[in-house]
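Residue numbers (numbering that gives the first Met the number 0): 0 to 194. Cβ atoms here follow ideal geometry from the backbone N, Cα and C, with glycine treated the same way. All remarks here apply to the structure that follows.
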Amino acid sequence: MLYDLDRTLEEFLKAELPNRFGDSVSTTPIAITFVTPIESLVTPPALNLFLYDIRENQELRSGSWSVARQNDGTAAREPPLVRIDCSYLITCWTSDSKDYITEHTILGEVMQVLMSYSSLPPTVLIGTLADSDLPLRTSVLGQAKLQSLGEFWQAMGGKPKATLNYTVTLSMPVNTGVQELPLVMNSLILGESND
């Protein structure tokens, strides 16, 4: 599921970004990577999407089970889907670490693309995500789920960079199994008599 999300984001950005750059950015193709954002691991020019946090979205948790009527006179009862927030730090890397103009231009274009969609379009979803019952909501520029970006960059052994925070909310079924239930075909109203 996470690999399908990476592939979806890569193809989505590759499709959306070429139409936006014009003459302001180098014509060299920009790679999209998902490695830990350390300068020596990223071959510039590159856009790096580092998946740094995965957690259940408690606000979207539902306690309601879904019930669907079956053709055999029973009903199937399924637990609600679990909603998972996958948060990425997005950075841009160029061959000249002082080329902030190109980095900021690319990040600005990426920000415009991502902010144009409140959820990932169903047409770009790959693999298991294509079967998702719920839209894949997104959030751009939300609060990073890190205590400190400065501490993050220090732990990575690098210098701080301009960073976008991007979160995609996936839905995932809980494998507790479907419960088969008999359907009530007649109802008895108490207090009435057939006299």
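Using a Cβ-Cβ cut-off of 8 Å, state whether residue i counts as contacting chain C.
{"i": "residue 113", "result": "Although the question refers to chain C, the structure presented lacks it and comprises just one protein chain."}
In whole angstroms, what separates the C-alpha of residue i from that of residue j?
{"i": "residue 90", "j": "residue 173", "result": "33 Å"}
{"i": "residue 118", "j": "residue 70", "result": "34 Å"}
{"i": "residue 37", "j": "residue 156", "result": "7 Å"}
{"i": "residue 48", "j": "residue 99", "result": "18 Å"}
{"i": "residue 97", "j": "residue 169", "result": "37 Å"}
{"i": "residue 58", "j": "residue 79", "result": "14 Å"}
{"i": "residue 130", "j": "residue 143", "result": "28 Å"}
{"i": "residue 132", "j": "residue 28", "result": "35 Å"}
{"i": "residue 106", "j": "residue 75", "result": "47 Å"}
Spell out the partners DSSP gives residue i in its beta bridges.
{"i": "residue 47", "result": "32 and 90"}
{"i": "residue 53", "result": "85"}
What residues in its chain sit with their C-beta under 8 Å from that of residue i, if we drop five residues either side in the sequence?
{"i": "residue 109", "result": "12, 16, 46, 89, 91 and 163"}
{"i": "residue 53", "result": "1, 83, 84, 85 and 86"}
{"i": "residue 116", "result": "137"}
{"i": "residue 55", "result": "81, 82, 83 and 84"}
{"i": "residue 35", "result": "49 and 155"}
For residue i, I'd like the list of residues in its chain whose CB is within less than 6 Å of its CB, leaving aside the five on either flank, ordered along the chain.
{"i": "residue 111", "result": "none"}
Beta-carbon within less than 7 Å of residue i's beta-carbon, same chain only, minus the 5 sequence neighbours each way: which residues are those?
{"i": "residue 7", "result": "119, 123, 124, 125 and 128"}
{"i": "residue 43", "result": "92, 93 and 94"}
{"i": "residue 134", "result": "118"}
{"i": "residue 114", "result": "139"}
{"i": "residue 20", "result": "Its pLDDT being 47, under 50, residue 20 is placed unreliably by the model, and nothing is read from it."}
Just reading off the alpha helix (DSSP H) that residue i is part of, what are its end residues?
{"i": "residue 3", "result": "1–15"}
In chain order, each alpha helix (DSSP H) run of at least 4 residues that lies wholly inside the stretch 98–171: Runs found: 99–114 and 148–155.
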